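Enquirer: Supplied in structure tokens, the structure appears directly below.
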Amino acid sequence: MKESTFAPQPTSDTGFLGSSQMHQQIRDFAWEESLLGPISSWPQSLRTAVHIMLGSDYPMAIWWGRDMIMLNNDAYMHFMGNRQQASLGKPAKLMWADIWEVVGPMFNKVLDTGEAWFADKLLLYNERKGFKEEAYFTFSCSPIIQEDGSVGGIFCTSSEETRQVLSERRLETLRQIGAVSVKSGSIADVSSELCSILGASKRDTPFALLYNCVNNSLALSNYTQVSFAKELKLIPALASGAAWPLQQYAKMVAPVLLEDLSALLPHLVLPDHQMLPQRALALPIVGSGREQLSGWLIIGISPLLEYDEQYVNFLNLLHTHVNALCSNVRVVEQEKERNRKLLELNDAKTAFFSNISHEFRTPITLMLGPVESLLEQEAFRSEQEKQQLEMIRRNGLRLLKQVNYLLNFSSIESGKAKAGFCAVDLASFTKELGSTFTSVMERAGLKYSINCDAVTEPFYVDPEMWEKIIYNLLSNAFKFTLEGEVTLRLIDHSEEVELQVQDTGVGIAPDELPQIFNRFHKIQNNCGRSYEGSGIGLSMVAELVKMHHGSITVDSAPGKGSSFSVVLKKGKEHLPFESIISSDARTYQVSGKEGANPYLIEAGSWLATNDDTTGYSDQTNNTEAGQLKSTVLLTDDNQDMLAYIKRVLEPSYRVLTSSNGQEALAHLRSEAVDVVLSDSMMPVMDGIALLQEIRKQPKLSALPVILLSAQAGEEEKLRGLGLGADDYMTKPFSARELLVRIKSQLQIAELRKNALQREHRLLLESQELKAELTDILANMSDAFIVLDKDLRYTYINDNAGKFTNRTEVDFIGNVIWDVFPELEGTIFYDKVLEAKQTGQEVQFDMEYPTLNAWFDVKVYPYKQGLSMYICNTTVRKMEEQARQELEMRFKVMADAAPVLIWISEFGNEPIYFNKSWLKFRGRSLEQEQQNGWLQGVHPDDQALLLDNYKAALRTHKPYEMELRLLGADGAYHWFLNHGVPRFMPDGSFAGYIGASVDITKRKWAEDLLSKYNRDLEEKVAERTQALQFANTMLQEEIASKKKAQASLSRSHEQLRALTSHLQVMREEERKYIARELHDELGQAFTALKIDVVLLLKKLATGNVEQKLLQEELENMQKTINGSIKSVRDIVAALRPAVLDNFGLLSEVESQAQDFQKRTTIAVEVNAELDYIALDREISIEIFRIIQETLTNVARHAGATAVTIDVTKSEAHFCFTISDNGKGMAPDSLTDMRTFGLLGMHERAARIGANLLFDSSPETGTKVRLDVPLGQMQHISI
């Protein structure tokens, strides 16, 4: 029973019955030795206060009396720290000596006045933890009034606010750092502000030094000046960072704790608490990529605070904030630097445009001058030459227009463009400018109208700029109006004039409108007359309008047209005075005639007749060799380019032309084309879109496509090739290069065509093979399944459905676990995932209880998923189970057999031995396998055994032989070894199965019988020789004494009769022995041999039941037991008893060993004597009693152990046989008819011994035989 433990009860004079630590300390304290005296003498007011204090979980303390003797509760122990052990019962002035200057006067005031005192978050530097610590406390001190009304002491409740104060203070520091603005400041400004913030937070950061990394060295950039007494940049070790071992940590980019501040301490300002920091933390400052170190921030660690997790977290957050701040500053500085460089680059670009434009004008002038001179001569060799010269002139003027655009653009960009305003008749001037587009509008089939209101007063404009505004707007309207009308209006309002250019063209998409006046912006996927354009025109118009202090707007909708509106103010007051050239109204002359106007020339090129540039070439379709020409489809929106390339290609190819991608697709649908040559930028459908459409259509996807582009960038080329173009040519290019490229693509196309034909042929063959494979898979006996990467069924053969009683619809497209959810978590689930994840082939067997079937599964991973072969192995599995069951039954029967059984396979080595074999050998199965069993065969028998066995292996016939085998007892035993061949169901040879019967006793009996026969013959011969000698002596005596003739004759006859009688006796004795051996042993062993052979044959075929096998083995055991008994009887009759030769004790030990081997019951013989010599009859009776007792133990006791004790007393020799069996009932001990007890008592009575029995179900049975010493002949000890 567990003992109860009780806390010691307080004495009745204390009254403090609590179980807290301070309850115990107050009870145990020797108050009688203190200033307060024993507790029993305390006033009730003090007792009450102590009760209240100890019962509270809030930190409380009591200071009693003028000495302020201290008591506190458990919650207050934290405030005391390492002072707690010595504080109880001591004056407060001693315990709080380090802070008494602060709190002492307050406590005395409470005692003196009886007024309470409250302090919120009071800073105290105490040493409760072994060092001077900065701590914050809130106190509420109340007087304790005694019974007489006087103040007896102070009742103080406290709470420590250190953690809260530190958290608030540090959060404020982090907030200030996070609020630092980086938009306008530099890195120097931000670092200065950062150091100011850290200097104001010197309780947490006593000092801070900020270093920059410059060329792998440190340079002090800023520091907290309030922390130092002098300028640190004048101290070389600190200014250069040589005082800090930080270079070795540069690659780690991690905080470094600095323990040595000797170089810094002399320069620090001593704070009011008189403690200088002894450690610092170096924080690495890195960029946003956290790869390159840009500096270090060294923060002093306060000596008054624990460097605990809270402090470390604060410094980590500080590190993060500083890193982010510095990174943001660098980003802002980099952005400023980038903007500065962009401005410089923009200025350089503008200057370049201006310079290059001037450079272009000289060669353009030299080109256009001779061309115009040639055109004026009108003496051409052919019309083709004239057309080529006109094409050169047109494109020269286009180039001049673009150069003027660039020059005007660069002038406006650089601010150098100056307007010269003069008074003009705006209506007449506008109408005249607009009328130059009349002919080109009519040629295009457009309705064109000009409506200009008369402006009553002169209007100030820059004529050249106004001309550019009109031409650009009309040119755009013409370009994007394929049908309908274009209208030019000038509307006179009271204070301003509005110019409108309206059209019914393709319109502008809403998302394009906000960018329409941006420089270099081009509307994508337009459906105008041409895709050409620089994106400068409308931008320049907007700038020119702006220089007139006017405004321009646009209103447009896709498919409905566009309307551009320019509004200018009347008068000149709004214009710069210095820009007004003339106030006289005049008519301004248009700068160029129609034939020299680049705007009109470009617009006219969009209307070039299609007879020369589109449709089929009128050249013959046959070459000189009579071969069919290859067809080239040429697509370009520039009519001059279209005509030029067509002339280059016509001598070698049949040429089809189109002006955009849609027309090209129409040709491709109706004509056989060998190669497509297309410009990449065109209206309606550009070359890229055309390429994509070609690649989408199966019949056209292999068609070679060469893209032409004026964009020379590598990115554009890669984009075109990436979309499927076969080649990409940048303008300008030579005619020879173009012809070579086309020829190359035609050759490649021919190779591709041949390859496609071969591929098609191979595809047909593969389809045929696939069909054959599908047929094979469909008709195979196993299930075949294909899964994709998501484990969805993509194919199953017929047997896959038959195995599971499902159709193909149940499988295809479904995930395997949706079809067979019960397989999740099984070996099938695990192995399929293993094959998918590892990409390795997996094979396994599985049972599918749902179908009551077994399957052999092979999973083969491939790029697109998994394939599975599933074989139904239910029948085979059942056969295996039946075979395993049969093998198990055979093993059980073989292990139960008393004979030694072995099995071998194809080779020489046995693979199985039954328990009887292993028990006899005293070895394990592993030890006997291989050549282990052969080691137990007698060396003289090994060669013969192997020869017989190998001969049997060659002939596959039964064999038998006698051999000697080493037993666990260390002795060789004789065995009759018989083996018969085993055959598989298909008739193939499988090995041998054999049995070995212990014939040691038979061999011993035969040897002993042979010995006795020889002894008998020798004795008969000796007696015959003696009789013959006597006969000779008698004959001599008769001869000498004729008188004894008659007597001699009678003696002679008696001798003959005796000799004859001895001979008859010998023959009868031999016949008797032979008959007994034949009748008892010969027949028994012959029958036993027949039974063994028959049993082995049945085992070899596997057609034997366990019950039948057990019955036959029992019969064999009975035969063997009977034979053994007969041998023993014959031997007993023929030879002296073993007891005579070896003595009783030796025979008892031998009997015990034999009993243990036969029954597996452990027998232990304990004898005090080495040898016992008794009368033969007495020894036999004692032996038989012991033998009968052991027999009863084996048959009835159910014991596992037997002990035989042999002891000697003064009067008796005692034999005791004990077992641990189930015992006998008391009535069984008195019943002489049971258990052979009657025979045992009779034997004991014959030798005058006393036989006693003691038995109970709990202890087993004990048999004791006491033999009087007087019965013994000799006892040797």
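Quick note: the sequence shown, position 243, residue 243 per the UniProt record's numbering, numbers continuous.
Every residue, glycine too, gets a C-beta built ideally from N, C-alpha and C.
Computed from a prediction, not measured in an experiment: that's the story for all the values here.
Extract the residue ranges of the beta strand (DSSP E) inside the stretch 232 to 314, only unbroken runs of 3 or more that lie entirely within it.
Expert: Qualifying beta strand (DSSP E) stretches, in chain order: 256 to 258, 279 to 286 and 293 to 301.
Enquirer: From which residue to which residue does the beta strand (DSSP E) around Met70 run?
Expert: Segment Ile69 to Asn72, the beta strand (DSSP E) holding Met70.
Enquirer: Evaluate Arg393 with the Cβ neighbour count: other Cβ atoms within 10 Å of its Cβ, from every protein chain shown; 16 or more gives buried, anything less gives exposed.
Expert: Its Cβ being crowded by 16 or more others within 10 Å, Arg393 is buried.
Enquirer: Is the beta carbon of Ser706 less than 9 Å from the beta carbon of Val740?
Expert: The residue you asked about is not Ser; residue 706 is Ile in the sequence shown. No, Cβ-Cβ distance for Ile706 and Val740 is not below 9 Å.
Enquirer: Tell me the rounded alpha-carbon separation between Ile1178 and Phe913.
Expert: Going from the Cα of Ile1178 to the Cα of Phe913 covers about 44 Å.
Enquirer: For the stretch 299 to 312 and the stretch 202 to 219, state whether three or more C-beta atom pairs, one from each stretch, are separated by less than 8 Å.
Expert: Result yes; three or more Cβ-Cβ pairs closer than 8 Å.
Enquirer: Pull up the DSSP beta-bridge partners for Gly979, would you.
Expert: Note: Gly979 sits in a beta bridge opposite Tyr959 and Gly994.
Enquirer: Out of curiosity, what's the CA-to-CA distance linking Ala990 and Arg761?
Expert: Approximately 54 Å, taken between the alpha carbons.
Enquirer: Please report the Cβ distance between His667 and Ser658, rounded to the nearest whole angstrom; I am assuming they are in contact, meaning their Cβ atoms lie under 8 Å.
Expert: Contact holds; Cβ gap of about 6 Å.
Enquirer: Contact check, Gly434 vs Leu397 under 8 Å by CB: the rounded distance?
Expert: That pair is no contact at about 20 Å.
Enquirer: Sort Phe844, Leu691 and Phe29 by Cα distance to Thr826 and report the nearest one.
Expert: The option with the nearest alpha carbon to Thr826 is Phe844.
Enquirer: Helix, strand or coil for Cys527 per DSSP?
Expert: Residue state, collapsed to three classes: coil.
Enquirer: What does the Cβ neighbour count give for Phe855, buried or exposed, with the cut at 16 atoms within 10 Å?
Expert: Buried, since its Cβ has 16 or more Cβ neighbours within 10 Å.
Enquirer: Do the CB positions of Leu649 and Leu568 come within less than 9 Å of each other?
Expert: Contact flag unset, no.
Enquirer: Distance, Cα to Cα, Met77 vs Pro59?
Expert: Taking the straight line from one Cα to the other gives about 8 Å.
Enquirer: Can you say whether Arg443 is buried or exposed, counting buried as having 16 or more other CB atoms within 10 angstroms of its CB?
Expert: Answer is exposed; the Cβ neighbour count stays below 16.
Enquirer: Decide if Phe811 is buried, meaning its Cβ has at least 16 other Cβ atoms within 10 Å, or exposed.
Expert: So Phe811 ends up on the buried side.
Enquirer: Give every residue of the same chain whose Cβ lies closer than 7 Å to the Cβ of Ile581, excluding the five residues on either side of it in the sequence, and list them in chain order.
Expert: Cβ neighbours of Ile581 beyond the five flanking positions: Gly420, Phe421 and Cys422.
Enquirer: Give, in chain order, every unbroken run of the beta strand (DSSP E) that is at least 3 residues long and sits entirely within the stretch 770 to 804.
Expert: Counting only runs of 3 or more, we get 783 to 788 and 793 to 796.
Enquirer: In the DSSP assignment, find the unbroken beta strand (DSSP E) run with residue 1324 in it and report its ends.
Expert: Because the chain here runs from 1 to 1277, residue 1324 falls outside it and cannot be looked at.
Enquirer: For the alpha helix (DSSP H) containing Asn108, name the first residue and the last one.
Expert: Its alpha helix (DSSP H) spans residues Trp100 to Thr113.
Enquirer: What three-state label does DSSP hand Lys522 in the structure shown?
Expert: Note: Lys522 maps to coil in three-state DSSP.
Enquirer: Quick check: Ala1199 and Val1206, are their CB atoms within less than 9 Å of each other?
Expert: Cβ distance not < 9 Å, so Ala1199 and Val1206 don't count as in contact.
Enquirer: Rounded to a whole number of angstroms, what is the C-alpha to C-alpha distance between Ala427 and Gln711?
Expert: About 42 Å.
Enquirer: Arg654 lies in the beta strand (DSSP E); which residues open and close that run?
Expert: Per DSSP, Arg654 belongs to the beta strand (DSSP E) from Arg654 to Ser658.
Enquirer: What residue range is occupied by the uninterrupted beta strand (DSSP E) comprising Asp686?
Expert: Neither: Asp686 is in no beta strand (DSSP E) and is coded neither H nor E.
Enquirer: For the stretch 867 to 947, list the alpha helix (DSSP H) runs that are entirely contained and at least 4 residues long, ordered along the chain.
Expert: You should have 874 to 896, 915 to 921, 925 to 928 and 932 to 935.
Enquirer: Tell me whether Ile776 is buried or exposed, calling it buried when 16 or more other Cβ atoms sit within 10 Å of its Cβ.
Expert: With fewer than 16 Cβ atoms within 10 Å of its Cβ, Ile776 is classed as exposed.
Enquirer: Going along the chain, which residues of its own chain have a beta-carbon closer than 6 Å to the beta-carbon of Met106, five neighbours each way excluded?
Expert: Around Met106: Trp117.
Enquirer: From Phe975, Pro981, Met893 and Ser988, pick the residue whose C-alpha is nearest to that of Pro910; which is it?
Expert: Among Phe975, Pro981, Met893 and Ser988, the Cα nearest to that of Pro910 belongs to Pro981.
Enquirer: Could you check where the alpha helix (DSSP H) with Trp466 kicks off and where it finishes?
Expert: That run of the alpha helix (DSSP H) goes Pro463 to Lys479.
Enquirer: Spatial neighbours of Ile999 within its chain, please: C-beta separation below 6 Å, excluding the five flanking residues on both sides.
Expert: The answer, listed in chain order, is Trp974 and Leu976.
Enquirer: So for Glu1258, helix, strand or coil by DSSP?
Expert: Coil, per DSSP.
Enquirer: So Pro598 is in the alpha helix (DSSP H); what residue range does that whole segment cover?
Expert: Run containing Pro598: Pro598 to Ser605, per the alpha helix (DSSP H) assignment.
Enquirer: Return yes when the Cβ of Met22 is within less than 9 Å of the Cβ of residue 1305, no when it is not.
Expert: Any answer about residue 1305 is impossible in this case: the structure gives the chain only from 1 up to 1277.
Enquirer: Just checking, does the stretch 167 to 178 make contact with the stretch 140 to 151 on the three C-beta pairs under 8 Å criterion?
Expert: The answer is no - the stretch 140 to 151 does not touch the stretch 167 to 178, with fewer than three Cβ pairs under 8 Å.
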